[in-house]
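The sequence shown begins at 8 in the numbering used here and counts up one residue at a time. From the three backbone atoms N, C-alpha and C, an ideal C-beta is built for every residue, glycine too.
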Amino acid sequence: MKQLFWKDKTGRGFSNILTFEDVLGLENEEDWNGEMLQDWVEECEPGDRWENRVSEITCIDKDFF
């Protein structure tokens, strides 16, 4: 299972650790290039980053559990 670090980019200073399942539960999130977050999370490797105007998500561990 993948572990992902989420950072809020709206200036509120929120961040959190997400799991693969957490991200799959989100709907209609796409990045600047139109790539859907759910598609990205299935292929991401540690160090890969996905972002849009309000969120930045970095894959930090591929085998967390």
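Among the options, which residue has its Cα nearest to the Cα of residue i?
i          : options        : result
residue 8  : 49, 56, 61     : 49
residue 35 : 27, 26, 28, 46 : 46
residue 24 : 58, 17, 12     : 12
residue 66 : 27, 33, 17     : 27
Evaluate residue i with the Cβ neighbour count: other Cβ atoms within 10 Å of its Cβ, from every protein chain shown; 16 or more gives buried, anything less gives exposed.
i          : result
residue 64 : buried
residue 57 : buried
Can the beta-carbon of residue i be found less than 8 Å from the beta-carbon of residue j?
i          : j          : result
residue 44 : residue 37 : yes
residue 53 : residue 68 : yes
residue 14 : residue 60 : no
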